[in-house]
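Q: Per full-length UniProt numbering, the sequence shown starts with residue 1, numbered consecutively.
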Amino acid sequence: MNTALISIELVSKFYSVPLDIESVRKEYFIEGEPSIPEILRILKNYGFKAKDKKFDNLEDLRKYPFPMIIVLSNNVYSVLFGIKDDKALYFDCAEKKIVQMKLEEFLKLWNYDSIVLYPKFKKTELFLNFKWLFNEFFKYKAVFSEAILASFFIQIFALVTPLFIQVIIDKVLPHYAVSTLQIIGLAFLIVILFDGFFNFTRNYVLYHTANKIDAGLGAKVYRHLLSLPFRYFETRKVGNIISRVRELENLRQFMTSISLTLLLDTVFSVVFVAIMLIYSPFLTIVVLSFMGIVALISYFSTPYIKQRLDDRFEKGARMHSFLVESITGIQTVKSAAIEGKMMKSWEEYLGEYILSSFSLSNFANAVFSISQTLQKLMILAVIYLGVNQVFENNLTIGQLIAFQMFASQLTMPILRLVHMWQDFQQAKLSLQRLGDIINIPAEVSGTAIESFSDIKGEIVFKNVNFRYSIDLPEVLRDISFEIKPGMLVGIAGRSGSGKSTIGKLIQRLYIPTEGNILIDGVDIKQINPLILRSRTGVVLQENFLFSGTVKENIAMARPQATMEEIVNAAILANAHQFISEMPLGYDTPIEERGESLSGGQKQRIAIARALIINPRILIFDEATNALDYESERLICETLRKLKGKITILFISHRLSFMKECDLVLVIDKGKLVEKGTHDILMEGKTFYAYLSKQEGLI
1 MNTALISIEL VSKFYSVPLD IESVRKEYFI EGEPSIPEIL RILKNYGFKA
51 KDKKFDNLED LRKYPFPMII VLSNNVYSVL FGIKDDKALY FDCAEKKIVQ
101 MKLEEFLKLW NYDSIVLYPK FKKTELFLNF KWLFNEFFKY KAVFSEAILA
151 SFFIQIFALV TPLFIQVIID KVLPHYAVST LQIIGLAFLI VILFDGFFNF
201 TRNYVLYHTA NKIDAGLGAK VYRHLLSLPF RYFETRKVGN IISRVRELEN
251 LRQFMTSISL TLLLDTVFSV VFVAIMLIYS PFLTIVVLSF MGIVALISYF
301 STPYIKQRLD DRFEKGARMH SFLVESITGI QTVKSAAIEG KMMKSWEEYL
351 GEYILSSFSL SNFANAVFSI SQTLQKLMIL AVIYLGVNQV FENNLTIGQL
401 IAFQMFASQL TMPILRLVHM WQDFQQAKLS LQRLGDIINI PAEVSGTAIE
451 SFSDIKGEIV FKNVNFRYSI DLPEVLRDIS FEIKPGMLVG IAGRSGSGKS
501 TIGKLIQRLY IPTEGNILID GVDIKQINPL ILRSRTGVVL QENFLFSGTV
551 KENIAMARPQ ATMEEIVNAA ILANAHQFIS EMPLGYDTPI EERGESLSGG
601 QKQRIAIARA LIINPRILIF DEATNALDYE SERLICETLR KLKGKITILF
651 ISHRLSFMKE CDLVLVIDKG KLVEKGTHDI LMEGKTFYAY LSKQEGLI
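(1) Please go through the stretch 185 to 236 and give each complete alpha helix (DSSP H) segment of 4 or more residues, from N-terminal end onward.
(2) Taking just the CA atoms, how far does L248 sit from M255?
(3) Considering only C-alpha positions, which residue in the set F91, W110, A142 is nearest to D56?
(4) Below 8 Å, how does it come out for the stretch 617 to 633 and the stretch 584 to 591: are there three or more Cβ pairs, yes or no?
(5) Start and end of the alpha helix (DSSP H) containing R41?
(6) Does DSSP classify P162 as helix, strand or coil?
(7) So the candidates are K685, I297, I527, S497; which of them puts its Cα closest to the Cα of G670?
(8) Under 7 Å Cβ to Cβ from A210, same chain only, skipping five residues before and after it: list those, please.
(9) Out of L40, Y46, N439, point me to the one whose CA is closest to K53's CA.
(10) Between the beta-carbon of G515 and the beta-carbon of N465, is there less than 8 Å?
(11) Alpha carbon to alpha carbon, how far is S243 from D436? Give it in angstroms, no decimals.
(12) Does the beta-carbon of L410, which I'm using as the reference point, lie nearer than 7 Å to any heavy atom of the ligand MG?
(13) Using the beta-carbon count (16 or more within 10 Å), is E591 buried or exposed?
(14) So S269 packs on L410, CB below 8 Å; how close in whole Å?
(15) Could you give the C-beta distance for V550 and I605, rounded to a whole number, given that I count them as a contact under 8 Å?
(16) Per DSSP, what are the beta-bridge partners of E482 in this structure?
(17) Anyone know if the C-beta pair for I354 and Q166 falls short of 8 Å?
(18) In chain order, what residues of the same chain have a beta carbon less than 6 Å from the beta carbon of G600, not counting five sequence neighbours either side?
(19) Does the beta-carbon distance from I566 to I511 come in below 8 Å?
(20) Distance, Cα to Cα, R477 vs N463?
(21) With contact counted as at least three CB pairs below 8 Å, one residue from each stretch, are the stretch 112 to 119 and the stretch 65 to 77 in contact?
(22) Identify, in the order they occur along the chain, each residue of the same chain with its Cβ nearer than 7 Å to the Cβ of L374, setting aside the five sequence neighbours on each side.
(23) What is the DSSP secondary structure of F544, reduced to helix, strand or coil?
(24) Specify, as a first and last residue, the run of the alpha helix (DSSP H) that I172 falls within.
(25) Taking the alpha-carbon of G47 as reference, which of L19, L61, E38 has the nearest alpha-carbon?
(26) My understanding is that I285 touches F406, with C-beta atoms under 8 Å, so please give their C-beta distance in whole angstroms.
(27) Smallest Cα separation from Y112: which of G398, A492, V76, Q426?
(28) Is the distance from the Cβ of F650 to the Cβ of G457 below 8 Å?
(29) K602 and L665 - do their beta-carbons sit closer together than 8 Å?
(30) Tell me which residues share the same chain as K123 and place their Cβ nearer than 6 Å to its Cβ, disregarding the 5 neighbours each side in the sequence.
(31) Which residue spans inside the stretch 521 to 594 form an unbroken beta strand (DSSP E) run of at least 3?
(32) Report, in whole angstroms, the separation of the C-beta atoms of M378 and V287, which I expect to be a contact under 8 Å.
(33) List the DSSP bridge partners of W346.
(34) To the nearest angstrom, how far is it from the Cα of R508 to the Cα of I502?
(35) Between which two residues does the alpha helix (DSSP H) harbouring Y690 extend?
(36) Using CA coordinates, which residue listed in F153, K428, V245 is at the minimum distance from L309?
In structure tokens form, the structure reads like this:
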């Protein structure tokens, strides 16, 4: 009995938050009792504000809302619904009911460890826009306040420095005031030291916070990416998806800089201008005129920069997609001796990207150079006109130098505010690109009927039609059949007839365009896909093995599986013998994509991986088509062992194993043209008999 999950379910029901325990168990790979950090992560992902709390006394406890999850002295989780007078109301997991107990007795059971909940009443849904982004960053407002405070002192020191210089030039030098110089020098030294300290503090806080933000946003983006429908990944290149995920870095940089730029630069720009007006309104107007020209240049150049940024992203995405594709298919590249062709294509993609990057850099450099030239002209104008002001006794030399320093100090925040507009355009583009992931709706979870955990394996198709999109032809048309639990069913047909699509529909990777699919009498649209897939094992023609050991690959879907369970799955899959003969046995490392293993070995490890979850439905999708006869024989032997115990779908255009099946469904051009046993279908001039003849079976 998992008391933590029972407690999570209780508080979610109390606040009417939709949460299914089976989905949580599958999504977070929970087998034993989860730890408090894991419980907090689950609650936060389902829309709760939650934190762990060790209470000191009852008075402290009464300040927080009920119910709350508590940890009893025997490390069992429970839910405390309230304390009134001398009684406590809590859920007794052993009795499976809410119990009222004397407070004195209850305190003997409880060690004061708790999880306090602040409900939001609904699971947080991602929709990427600037509002969502600001809300994410607002969570770190306390930390950003520290950075802003440090920046405030840095700006104050920037104000003090020109005043020190003015005093030295106007007061110290004419009167040879050595003692005053020493005092000012000491004060200046203290300012420099504090400035260095606050600079270090601000940067440390920003870097530390940036890493926390990267971790939080990165996890949310990847979680949502994994929740997207299978069709999303079929219609996009891997390199393109990776490029969009990397846009998160641009957004984070923009948001961390804007927090300081908007607040401090705006405020201190006004302060600098006010001080400069006191010194010389005329020179201040000169400085602001130059800054206005720089701002206009930046504003009118922004559309051209945006266009070049977009072009560079598209060229970069194409280049990354080609790189991933060529490395993934390196065996074909080598076997076909097409290195030269691939190199030529790579040089074309790389050349396009470099030209696009050069165009962007060149344009940005031109804008920057013009801005720099205008700044230097501004300095020249201030010195030339300022000296005339000195000649006319409107300014002292110290005041002119101080004004020049204030003008330089003003230039940087003004330029940052101007460049922030360009950064904002870049952030908008990043938001749009990342939005192609975040703003795509996740798979519809269904109602996750709890009784579905006891699946038997009955599958019924009722007049099922399917097409990939509304503008494409139907892949399946009016498919109807019934499969009883424990049956071994073959699905035969020519390549491209729609056989594999049936397997994907059963896994709920696709949703029928019309008609219904029932699993144990329940419409598949009402079943949570995580629960369905956790009861469905799948073996494909090309199975992906991950970097890691043999043991880790077999236990991929059940990380907590015991060694005995892993070995039993391998024995059932006829994989134990060759695994045992490896140098390190089950601890043998597997190279990327399992390149060190033969096709038959990879298939048998994949079968063991499918069996480790104790599936009630097992789908073999063209799993033996590329194997030698010995490997195929071993896999068919595994199927014979499983026949009658679980529902098995054997999808193949090779018909040699179909005679073992209880039922054969024959698919052609998206339609179910024949069904029956192998012997019945072989009678007469059937399409199945024609396929068998083509294969040389008769």
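Every residue, glycine too, gets a C-beta built ideally from N, C-alpha and C.
A: The structure says:
(1) Within the stretch 185 to 236, the complete alpha helix (DSSP H) runs of at least 4 residues fall at 230 to 234.
(2) Rounded to whole angstroms, M255 to L248 spans 11 Å at the Cα level.
(3) Among F91, W110, A142, the Cα nearest to that of D56 is on W110.
(4) The stretch 617 to 633 makes no contact with the stretch 584 to 591: fewer than 3 CB pairs, one atom from each, lie closer than 8 Å.
(5) Here the alpha helix (DSSP H) through R41 covers 36 to 45.
(6) Here P162 sits in helix by DSSP.
(7) Checking every option, the nearest Cα to that of G670 belongs to S497.
(8) The beta carbon of A210 sits closer than 7 Å to the beta carbons of R252, T256 from its chain, once the five residues preceding and following it are set aside; these are given in chain order.
(9) In terms of CA proximity to K53, L40 leads the group L40, Y46, N439.
(10) Judged by their CB atoms, G515 and N465 are nearer to each other than the 8 Å cut-off.
(11) Going by the C-alpha atoms only, they are around 11 Å apart.
(12) Here there are no bound small molecules, and the ligand MG is not part of this structure.
(13) E591 should be labelled exposed.
(14) The beta-carbon separation of S269 and L410, rounded to 6 Å, stays under the 8 Å limit for a contact.
(15) That belief holds up - the Cβ atoms of V550 and I605 are roughly 7 Å apart, short of 8 Å.
(16) Answer is V460.
(17) Their beta carbons are not under 8 Å apart, which means I354 does not touch Q166 by this criterion.
(18) Cβ neighbours of G600 beyond the five flanking positions: L627, S631.
(19) Not in contact: I566 and I511 (Cβ atoms no closer than 8 Å).
(20) Spanning the two alpha carbons is a distance of roughly 8 Å.
(21) Output reads yes: the stretch 65 to 77 touches the stretch 112 to 119.
(22) By the criterion of a C-beta distance shorter than 7 Å, L374 is surrounded in its chain by F290, I293, V294, once the five residues flanking it on both sides are discounted.
(23) It is coil, neither helix nor strand.
(24) Per the sequence shown, residue 172 should be read as Val rather than Ile. Judged by DSSP secondary structure, V172 falls outside any alpha helix (DSSP H); it is assigned neither H nor E.
(25) Taking only the C-alpha atoms, the option nearest G47 is L19.
(26) That belief does not hold up - the Cβ atoms of I285 and F406 are roughly 14 Å apart, past 8 Å.
(27) It is V76 whose Cα lies nearest to the Cα of Y112.
(28) For F650 and G457, no; Cβs fall outside 8 Å.
(29) Taking 8 Å as the Cβ cut-off, L665 and K602 do not qualify as a contacting pair.
(30) Annotation note: pLDDT 45 at K123 (below 50); position unreliable, coordinate value reported separately. Excluding positions up to five away in sequence, the list reads Y46, G47.
(31) Here the runs fully enclosed are 536 to 540.
(32) Going by Cβ atoms, the distance from M378 to V287 rounds to 6 Å, so yes, they are a contact pair.
(33) DSSP, once it has assigned bridges, lists no residue as partnering W346.
(34) A straight line joining the alpha-carbon of R508 with that of I502 spans about 10 Å.
(35) Per DSSP, Y690 is one residue of the alpha helix (DSSP H) stretching across 687 to 695.
(36) Ranking the options by Cα distance to L309, first place goes to K428.
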